[in-house]
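Numbering (the working numbering), first residue to last: 8 to 455.
Using N, Cα and C, we set each Cβ at its ideal position, and we do this for glycine too.
Each remark here refers to the structure printed beneath this line.
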């Protein structure tokens, strides 16, 4: 809940700021510090990466603030309080979109494990982010503090009410699953001995999963760093969804395989790749920059996938940070009858930081928004079974080797956000455009 107060000093500064060069620099620096602290877990790739990324992310807040300051006095009075929060929310939508999307660190995610998080069933994390900005805007003005407190009380009531309403779903059923967690920290360079050790560890975990012979095995992202369609390392006794690499015509795909004794096929190729982590976005003319930036993989982008059907399951797959992109999930779920999402991840790069827990919480928000249960398999953990209400049913903590079994309840709930996700973004864009247009019109009218 502190996020509702944490940003109010920044909003106070913005509202009272004289937009000269010195003040704008100090403003940008304050925004930079916010993001620098938030993404310090990226320092595994070097402090320069944290600095560059913080500068990049800060731009998405600084630009709408700069525009707002230019038109502030000409914004219609009734729209004044929502204008800056809307502009900032629009900026968050833009930075969470496209090839270079970075879906973490939106203020709405800080509302995890509070009554407010259940409001995401109605308006998603994007809507929660707007509310966070809006309430901070209210708190930044002494005249509106009481209004902010009333509004917070109403939101607490709404969130509690939503959580207390149980939805009877006659289509729910149970399916046994076993998650494998090998707990190996990834390394930058391929080392055969280390890869053999990882392979052996996961093969041992497959054998351990035989204790639950009727369960479906789910593994993290790329547990076998080889082309599994060319090098058949394992033929599991049980139905399994295995993270590995698919190779074709000298192209490589971060993939999930469907494996059992008789069958082996790719069921998912990752659709949204991580810049620098999975592809190099730097043009060849600027290749001299490569030595300053991390290069972890060279993958091809998969095409839009269909859900994988297995018995009564309609499964959608996500790899790594794809679960941070709600519109990607919206497109997957739309008209596809998906009743389970499987997230295969490897947060081992960020071991001993807050990132693995933060990433787990992102998955929980996706479950709340779309009313879909989620199985999250992470190499270094935490791995978890997450209900369609965002509750953690079972969890295997970070830095542990082992398996996690559950007779998982497959229960999909209909949510408002699952119907309006893309419309909400368009509405925010439209309303921001209207406010900007009205302000410009008021400016022009002074010269007529």
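- With a beta-carbon spacing of about 13 Å, residue 279 and residue 228 fall beyond the 8 Å limit used to define contacts.
- Taking a contact as a CB-CB distance under 8 Å, the pair residue 245 and residue 411 does not count as one, their CB atoms being some 15 Å apart.
- Residue 391 is bridged by DSSP to 383 and 402.
- Residue pairing by DSSP puts residue 323 in a beta bridge opposite 348.
- Under the DSSP assignment, residue 77 falls in the alpha helix (DSSP H) whose first and last residues are 54 to 78.
- The continuous beta strand (DSSP E) containing residue 271 extends over residues 271 to 276.
- Remark: C-beta atoms of residue 353 and residue 193 approach each other more closely than 9 Å.
- Rounded to the nearest angstrom, the Cβ distance from residue 166 to residue 139 is 13 Å, too far for a contact under 8 Å.
- Taking the C-beta atoms as reference points, residue 433 is found no nearer than 9 Å to residue 378.
- Shown here, residue 232 sits in a strand according to DSSP, grouped into three states.
- Annotation for residue 243: 213, 224, 266 and 267 place their beta carbon closer than 7 Å to its own, counting only its chain and skipping 5 residues before and after.
- Annotation note: the region 129 to 191 contains the following uninterrupted alpha helix (DSSP H) runs of length 4 or greater, listed N- to C-terminal: 152 to 171.
- In this structure, residue 373 sits away from residue 403, with a CB-CB distance that is not shorter than 9 Å.
- Apart from sequence neighbours up to five positions away, the residues of its chain that approach residue 253 with a beta-carbon distance below 6 Å are 236, 260, 262 and 273, ordered along the chain.
- Leaving aside the five residues that flank residue 305 on each side, the residues in its chain whose CB is nearer than 8 Å to its CB run, in chain order, 259, 285, 286 and 287.
- Put simply, the region 56 to 73 touches the region 31 to 41. At least three CB pairs are less than 8 Å apart.
- The C-alpha of residue 307 lies about 34 Å from the C-alpha of residue 413.
- In the DSSP assignment, the residues bridged to residue 251 are 231 and 262.
- Bounds of the alpha helix (DSSP H) holding residue 427 are 424 to 452.
- Annotated as distal: residue 26 and residue 80, with beta-carbon spacing of 9 Å or more.
- Take the alpha-carbon of residue 134 and the one of residue 127: they are about 7 Å apart.
- A distance below 8 Å between beta-carbons, with the five flanking residues on each side excluded, links residue 163 to the following residues of its chain, in chain order: 122 and 123.
- Annotation: residue 449 to residue 43 spans about 38 Å, alpha carbon to alpha carbon.
- The C-beta separation of residue 320 from residue 182 comes to about 6 Å, placing the pair in contact by the 8 Å criterion.
- Rounded to the nearest whole angstrom, the CA to CA distance from residue 385 to residue 84 is 49 Å.
- Cβ neighbours of residue 247 within its own chain (closer than 6 Å, five residues either side excluded): 224 and 266.
- Collapsing the DSSP output to three states places residue 332 in coil.
- With fewer than 16 other Cβ atoms inside 10 Å of its own Cβ, residue 53 counts as exposed.
- Under the three-state reduction of DSSP, residue 223 is assigned to strand.
- In the DSSP assignment, residue 18 falls within the unbroken alpha helix (DSSP H) covering 15 to 23.
- Per DSSP, the unbroken alpha helix (DSSP H) holding residue 89 starts and ends at 87 to 102.
- Boundaries of the beta strand (DSSP E) around residue 315: 315 to 317.
- Here residue 200 carries a helix assignment [DSSP, helix/strand/coil].
- Per the DSSP secondary-structure output, residue 414 pairs in a beta bridge with 183.
- About 45 Å separates the Cβ atoms of residue 215 and residue 11, ruling out a contact at the 8 Å cut-off.
- The continuous alpha helix (DSSP H) containing residue 374 extends over residues 362 to 377.
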